[in-house]
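Chemist: Please read through the structure below; I'll follow up with questions.
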Amino acid sequence: MCRSRMRPAAAALFACAMLAVPPIEAQESAPGDGVAPRKVTLRGNAYDEYPVEKLRERGIRVPDVPDDRNAAYVYIDAYNARVDLPPDLQDAFDRATVGDWPKDDSGRPLAEWLEQNRPALDLARRAAAMPDCRMPVFGGDDEMLFALLLPTMSEHRQLARMLAAEAAYRQSTGDAAGAVESVLTLQHMANHVAGGTFIIEHLVGNAICELTSQTLQRLAADESLDDAVVRRALAESESLAAEFPDWEISVANEQAMILDAAQRAMENPAMLPEFASSGFAMTVDSSVDEGWRRLGRRLARLHMPDRTVNRQLKSHFAAVHAAAQPAAPGRPAAWGLNDDAAAEGIPIWNVVGRMLLPSLSRSFELDVRARSNLDRARINLAAAAYRRRHGAAPRRIDELVPAYVQSIPLDPSTGSPLALTSGDVAVPMLDRDFRIARPGGSQPAPARPPAIVPAPSADGVAPRSSQWRQYVEDFIKRYRLDAVQQKTAFGVLEQLERRAAAFEQVHGARLSELRARLARTARDAERKALSEEMNSVAAPLNAMYEELKQRLETLPTEQQRKRAREAGASGGI
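Per numbering that gives the first Met the number 0, the sequence shown starts with residue 0, numbered consecutively.
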């Protein structure tokens, strides 16, 4: 959930709109006639669907989705068909959703409860197979966008957790193919909801995407999985990952929602005391508190300069869009804005703006992590299937192409193509402590997996990675580096190995081809041209090698250098 700076009154509006929705229970939907609002009954609560035309009038991007292609109303049927979880099974259900199907006495009643929910889960599968989804939002025609309700979100997430539990149950009973089917339904559900109207829907999509990744990761270790089932699942998952909706669309709608709220406040000054009092009642000292409240009430009587308010809000969102730097080859996704400082840049008199602006950096970060983990889980599933088929793990990630994956994904958390590691897991997952780079503070980087597996050279030349490692080992021996220095040296090597591996994913085949042609060519002119081209292509690698040597040179102390010189003069090492 993205953090908000809103004070009590404005925060209550936001909570009402996004989270604090009534418990949901049974649905009916009648086709709308384009004028009268569609009536939807959701688990016992009746709602008026907010008109799509009104959303568009207020600047919200809403796709045209005909009812016969819209999965939303089938999902709502599934929410209605859901049977509530007995409270005494909550712990067992929580374990099952993370793949730990209970082996104690709670396993049987949990399986029976899932069977009771078969109609709901089958409806979810039917909805997930539909091409499009636009979840309705609920509220009266004259409601602020902030006051619209999204009661479908908690239901969608609960249904997703039920499917994850179903996957664990199927796997525990030997039905690995059925578990794969459950997890693909999850991924469809993530895509459907992530393309919704508001950013909370995208965040729910990210959460379900993470659930999909965790379930895929567990399935990778299942030795009973049929290779053909895995290949079909990987093809579908890869296609869905490419279609996962963009974070930027949700942010654009968030901007429209906030501008709408500001405009409503400008047009209706009676709303301003709520913003003002919530914005200034910030201290426990009653005398000071009363002073702020009086100032708030006076500000509420003023005519706020609406153009300036809008300009400041639009400038803030322009900075947000500029701050969200997507990953590119050689560059990880990054966030280039200090949210707190940017919010403080809104003048104190702009009470509406200061109360409404959310912090969006965390939602961007969650989106990056969800995308990265889905790619990682898919590669792990592919690598495990390759090992079962060939009797050994792949030495290079490109050995998975095209039998298991169509291409090697660019990891948004690093800006480099994913690479296999020498650990038990082909590509480690990013955990909850993952943080992207942000200004104004240091966050921990994702845990680094083990060193990259050296890829044997096709032309018989010693692998570049082996040469670099040998240089580091020789350097350590020459200067007799201590344990801390050695750890630093190998850390430098690992960093540069990762950059080099990303480069070789793109240019390695060309370099091998040039080496082979050079070995076959006898004519001097042609050899010279090939050598020049090879040096040109390999220039970034050579620069990395020089960087490695320069960074290692900073490690030895003067005493170590002196000892190395003396050993060299005497012929020692």
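Just so you know, even glycine gets a beta-carbon here, dropped at the ideal spot from N, CA and C.
Which residues in the same chain as Pro555 place their Cβ atom closer than 6 Å to its Cβ, once the five residues preceding and following it in sequence are excluded?
Modeler: Once the five neighbours on either side are set aside, the close Cβ partners of Pro555 are Tyr478.
Chemist: Take Pro325 and list the residues in its own chain whose beta-carbon comes closer than 6 Å to its own, dropping the five residues that flank it on each side.
Modeler: Cβ within range, chain order: Ala332.
Chemist: Is Asp430 closer than 8 Å to Asp374 when the C-beta atoms are compared?
Modeler: No.
Chemist: Just mark Glu209 as buried or exposed, buried being the case when its beta carbon has 16 or more other beta carbons within 10 Å.
Modeler: The residue is buried, with at least 16 neighbouring Cβ atoms inside 10 Å.
Chemist: So, helix, strand or coil for Thr520, using DSSP?
Modeler: Correct three-state label for Thr520: coil.
Chemist: Between Pro416 and Ala327, how many whole angstroms is the CB-CB distance? I'm expecting something under 8 Å.
Modeler: The Cβ separation is near 12 Å, so there is no contact.
Chemist: At the level of alpha carbons, what is the spacing between Leu551 and Ile248?
Modeler: Cα-Cα distance, rounded: 45 Å.
Chemist: Classify Asn534 as buried or exposed, calling it buried when 16 or more other Cβ atoms lie within 10 Å of its own Cβ.
Modeler: Exposed, because fewer than 16 other Cβ atoms sit within 10 Å of the Cβ of Asn534.
Chemist: Is the separation between the beta-carbon of Ala167 and that of Ala95 shorter than 8 Å?
Modeler: Yes, they are a contact pair.
Chemist: Excluding the 5 residues preceding and the 5 following Glu165 in the sequence, name in chain order all residues of the same chain whose CB lies nearer than 7 Å to its CB.
Modeler: Once the five neighbours on either side are set aside, the close Cβ partners of Glu165 are Leu113, Leu120, Ser181.
Chemist: Please state whether the Cβ-Cβ distance between Ala123 and Leu162 is less than 8 Å.
Modeler: For Ala123 and Leu162, yes; Cβs fall inside 8 Å.
Chemist: Is Lys476 helix, strand or coil when you go by DSSP?
Modeler: In the structure shown, Lys476 sits in a helix (DSSP, three-state: H, G or I).
Chemist: Would you decide whether Gly139 is buried or exposed? Buried here means 16 or more other CB atoms lie within 10 Å of its CB.
Modeler: Exposed, because fewer than 16 other Cβ atoms sit within 10 Å of the Cβ of Gly139.
Chemist: Can you tell me the Cα-Cα spacing of Val491 and Gln484, whole angstroms?
Modeler: Each residue's Cα considered, the two are about 11 Å apart.
Chemist: Excluding the 5 residues flanking Gln494 on each side, which residues of the same chain have their C-beta closer than 8 Å to its C-beta?
Modeler: Within the same chain, Gln494 has no close Cβ partners at all.
Chemist: Using the DSSP secondary-structure output, state which residues sit across from Trp334 in a beta bridge.
Modeler: Paired residues: Ala323.
Chemist: Give the straight-line distance between the Cα atoms of Leu547 and Phe489, rounded to the nearest whole angstrom.
Modeler: One C-alpha to the other measures close to 10 Å.
Chemist: What do you get for Thr307, buried or exposed, if any count of 16 or more other CB atoms within 10 angstroms of its CB means buried?
Modeler: When all chains shown are included, Thr307 counts as exposed.
Chemist: Within the chosen definition, does the region 194-205 reach the region 142-161 through at least 3 CB pairs nearer than 8 Å?
Modeler: Because the criterion of three Cβ pairs below 8 Å is met, the region 194-205 and the region 142-161 touch.
Chemist: If you follow the alpha helix (DSSP H) that Val51 is in, where does it begin and where does it stop?
Modeler: It spans 51-56 - the alpha helix (DSSP H) in which Val51 sits, taken as one unbroken run.
Chemist: Considering Cα atoms alone, identify which of Lys102, Lys38, Ser171, Asn337 is closest to Leu359.
Modeler: Of the candidates Lys102, Lys38, Ser171, Asn337, the one whose C-alpha sits nearest the C-alpha of Leu359 is Asn337.
Chemist: Classify Ser314: buried if its beta carbon has 16 or more other beta carbons within 10 angstroms, exposed otherwise.
Modeler: Flag for Ser314 reads exposed.
Chemist: For the alpha helix (DSSP H) that contains Tyr74, what are its first and last residues?
Modeler: Per DSSP, Tyr74 belongs to the alpha helix (DSSP H) from 71-80.
Chemist: Please go through the same chain and pick out, in chain order, the residues whose beta-carbon is closer than 7 Å to the beta-carbon of Pro130, but skip the five residues on each side of it.
Modeler: Result list for Pro130: Arg68, in chain order.
Chemist: Could you check the C-alpha separation between Val426 and Gly329 for me, to the nearest Å?
Modeler: Approximately 19 Å between the Cα atoms of the pair.
Chemist: Expressed to the nearest angstrom, what Euclidean distance is found between the alpha-carbon atoms of Ile572 and Ala537?
Modeler: Residue confidence is low: Ile572 scores 38 on pLDDT, short of 50, so the model does not pin down where it sits. No coordinate-derived value is stated.
Chemist: Report back the beta-carbon spacing between Phe145 and Tyr49 to the nearest angstrom; my notes put them in contact at under 8 Å.
Modeler: That pair is no contact at about 12 Å.
Chemist: For Glu557, is the classification buried or exposed, using 16 other Cβ atoms within 10 angstroms of its Cβ as the cut-off for buried?
Modeler: Classification for Glu557: exposed.
Chemist: Quick check on the burial criterion: 16 or more other C-beta atoms within 10 angstroms. Buried or exposed for Val350?
Modeler: It counts as buried.
Chemist: Taking C-alpha atoms, which residue in Gln216, Leu54, Gln115 lies nearest to Ala376?
Modeler: Minimum Cα distance to Ala376 is reached at Gln216.
Chemist: Report the three-state DSSP secondary structure of Asn44 (helix, strand or coil).
Modeler: In the structure shown, Asn44 sits in a strand (DSSP, three-state: E or B).
Chemist: When the Cα of Ala232 is compared with those of Cys132, Thr420, Ala402, which residue comes out closest?
Modeler: Of the candidates Cys132, Thr420, Ala402, the one whose C-alpha sits nearest the C-alpha of Ala232 is Ala402.
Chemist: Since Met580 is in the alpha helix (DSSP H), which residue starts that stretch and which ends it?
Modeler: The structure shown does not extend to residue 580, since the chain is modelled only from 0 through 572, so no value can be given for it.
Chemist: Per DSSP, what kind of secondary structure is Phe92 in: helix, strand or coil?
Modeler: Here Phe92 sits in helix by DSSP.
Chemist: Distance, Cα to Cα, Glu253 vs Ala317?
Modeler: If I take the Cα positions, the gap works out to 12 Å.
Chemist: Suppose only complete runs of 4+ residues qualify. What are the alpha helix (DSSP H) ranges in the region 176-242, listed by chain order?
Modeler: Segments of the alpha helix (DSSP H) lying fully in the region 176-242: 198-218, 226-241.
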